[in-house]
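Here the structure is laid out as structure tokens; the discussion comes afterwards.
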Amino acid sequence: MTVRGRGPRHGNALSRIGVIRDGAILVRDGVIAAVGSSAKVEKLKESKEAEKFDVGGRVVLPGFVDAHTHLIHAASRAEEYDLKIRGASYEEIARQGGGILNSVKKLRAATAEELKKRARGFLERFAEHGTTTIEAKSGYGLDATSELRILSLHKELDAEQPLEIVSTFLGAHVVPTEYRGKAGGTRQYLELLCKQLIPEVADNGLAEFCDVFCERGAFSISESRSVLESGRARGLAPRVHAEQLSNTGATRMGIELGAASCDHLEYLKPGDIRRLAKSKTVATLLPGCDFHLGLQRYAPARELIDAGAIVALATDFNPGTSPTLSMAMILSLACSRLRMTPAEAIAAATINAAYSLRRERRVGSIEHGKQADLAVFELADYREIPYYFGVNTCWMTMKRGEIVHLRD
Ligand SMILES: [Zn+2]
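Be aware that the sequence shown starts at 0, since it is given in numbering that gives the first Met the number 0, and climbs by one per residue.
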């Protein structure tokens, strides 16, 4: 599956994933030098001198691009999972100091070494599941020191291990405890974000994107807008956590600000779908979140695709609402809950996700000139990737021409 051709993919084009049977790929210096049928590629002069690696008829895909993760966190929240199963809602847990604030407390208490070690382990798991590029958000620090520490770790990890990390500043995840319950607390926190942190993040090249959690209990439309505008003025492109638990109008605002992506979208209105379809803002769907929380309402993927919106999929890997780093599991959920076809789900998790990270010219498909980022599956048919749900069938992963995972 090459997913070749112009990205991003809209409407019917989402399911055209460029299947080559009995194909071969020529890689030179980490970049794809040729792709096509084995007969054609093997005839090339350069191929004759190349080292051969036989994948034995397995399914080859572009490496997955996971465009929404909260990589750096200090601990799981399995105790809240238990409470939720017994009937407590996500918002009730948040009001009792659980939820995001629970992760914040634990992250602030952890050392940079501990956080890095944990994140490294996760990055190895991502590679084992066929993911070669991830976006990673801050947002469990929520004070200057901790937020900058997370973003610096993104940068260090990007340099020190093979997977590519795209950094996003999410200081506007929620208002931290020390600003809550005091007059003007939210305003003071927003000032810290807009006047101190965003300039510092931008000046030090610690993030490419700025994100907000626009939701009741987090940030309002006007608060979110002020953060995203401050980020944008400093060169940080907007992304938005939008319409996850209610319709707040966040999608409309995101589109107005030229956001790279609006994510979640369970509570989209028909007007939002029409606006997304006319825009270049990607609709990134995160079905792992609804699955883990046991929610019945999923994002209207079919309507979005049929209207012509750019649909992407991501894990939303995080300790509270979507503790999975398996893109294959997300494909399974996309197929059975969002009614996307396996081909659509694959394009959404590769080329469209790459577009949302402004990297569609380098990653997200198997084409001449792109990075040799590949995921190979121990299967005979690409449709078996989502079909075997909860099973990791990834056999080999390659990043920039280097093998970063190989099952023995
Ligand atoms: Zn998120």
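Positions of the beta carbon are idealized from the N, C-alpha and C atoms, including for glycine.
Three Cβ pairs or more, each shorter than 8 Å: is that satisfied between the region 145-160 and the region 84-99?
no
Between residue 69 and ligand 1, is the CB less than 7 Å from at least one heavy atom?
Because some heavy atom of ligand 1 lies under 7 Å away, the Cβ of residue 69 counts as near it: yes.
Check for me: the beta strand (DSSP E) holding residue 103 runs from which residue to which?
Where residue 103 is concerned, there is no enclosing beta strand (DSSP E), although the alpha helix (DSSP H) it sits in stretches over 99-108.
Around the Cβ of residue 315, are there at least 16 other Cβ atoms within 10 angstroms (buried) or fewer (exposed)?
buried
What whole-angstrom Cβ distance do residue 400 and residue 29 have, given they're in contact under 8 Å?
Between residue 400 and residue 29, the beta carbon gap of about 4 Å places them in contact (Cβ cut-off 8 Å).
Between the alpha carbons of residue 159 and residue 139, how many angstroms are there, rounded?
22 Å
Is residue 317 near ligand 1, going by C-beta to nearest heavy atom under 7 Å?
yes
Cβ of residue 240 versus every heavy atom of ligand 1: is any distance shorter than 7 Å?
yes
DSSP state of residue 246, grouped into three classes?
coil
Identify the residues that DSSP records as bridge partners of residue 24: which are they?
34
Could you tell me whether the Cβ atoms of residue 61 and residue 329 are closer together than 8 Å?
no
State yes or no: is the beta carbon of residue 120 nearer than 8 Å to at least one beta carbon in chain B?
Included in the structure is just one protein chain, with no chain B present.
What separation, rounded to the nearest whole angstrom, lies between the Cα atoms of residue 296 and residue 106?
31 Å
Sorry if obvious, but does the Cβ on residue 305 come closer than 7 Å to a heavy atom of ligand 3?
Looking for ligand 3 in the displayed structure turns up nothing; the ligands present are ligand 1.
So what's residue 391 in DSSP terms, helix, strand or just coil?
Coil.
Taking the CB atoms as reference points, tell me whether residue 68 and residue 134 lie closer together than 8 Å.
yes
Is residue 396 near residue 132, with beta carbons less than 8 Å apart?
no
Per DSSP, what kind of secondary structure is residue 160 in: helix, strand or coil?
coil
According to DSSP, is residue 52 helix, strand or coil?
coil
For residue 382, which of helix, strand or coil comes out of DSSP?
coil
Measure the beta-carbon distance from residue 304 to residue 275 and round it to whole angstroms, keeping in mind my assumption that it falls under 8 Å.
Between residue 275 and residue 304 the Cβ distance is about 11 Å, and since that is not below 8 Å, they are no contact.
In whole angstroms, what is the alpha-carbon distance linking residue 173 and residue 218?
7 Å
May I ask which residues mark the beginning and end of the beta strand (DSSP E) holding residue 376?
Counting along the chain, the beta strand (DSSP E) containing residue 376 begins and ends at 373-376.
So which of 220, 225, 162 has the shortest CA-CA distance to residue 192?
225
Looking only at its chain, what residues have a beta carbon closer than 6 Å to the beta carbon of residue 184, apart from the 5 residues adjacent to it on each side?
178
How big is the Cα-Cα spacing for residue 51 and residue 221?
57 Å
Using a Cβ-Cβ cut-off of 8 Å (strictly less than) and excluding sequence neighbours within five positions of residue 73, which residues of its own chain qualify?
102, 105, 106, 108, 109, 113, 114, 117, 139
Could you tell me whether the region 19-33 touches the region 316-328, using the rule of 3 or more Cβ pairs below 8 Å?
no
Nearest by alpha-carbon distance to residue 143: which of 170, 392, 292, 313 is it?
170
Could you check if residue 182 is buried or exposed, using at least 16 other CB atoms within 10 Å of its CB as the buried criterion?
Counting Cβ neighbours within 10 Å, residue 182 comes out exposed, since fewer than 16 surround it.
Short of 7 Å in beta carbon distance, which residues of its chain neighbour residue 408, apart from the five on each side in sequence? Order them along the chain.
Nothing in the structure corresponds to residue 408, since the chain is present only between 0 and 407.
Mapping the DSSP letters down to three states, classify residue 185 as helix, strand or coil.
helix
Name the two residues that bound the continuous alpha helix (DSSP H) containing residue 408.
Absent from the structure is residue 408, since the part of the chain shown begins at 0 and ends at 407.
Rank 393, 299, 260 by C-alpha distance to the C-alpha of residue 267 and give the top, closest one.
299
Using DSSP bridges, identify the partner residues of residue 165.
134
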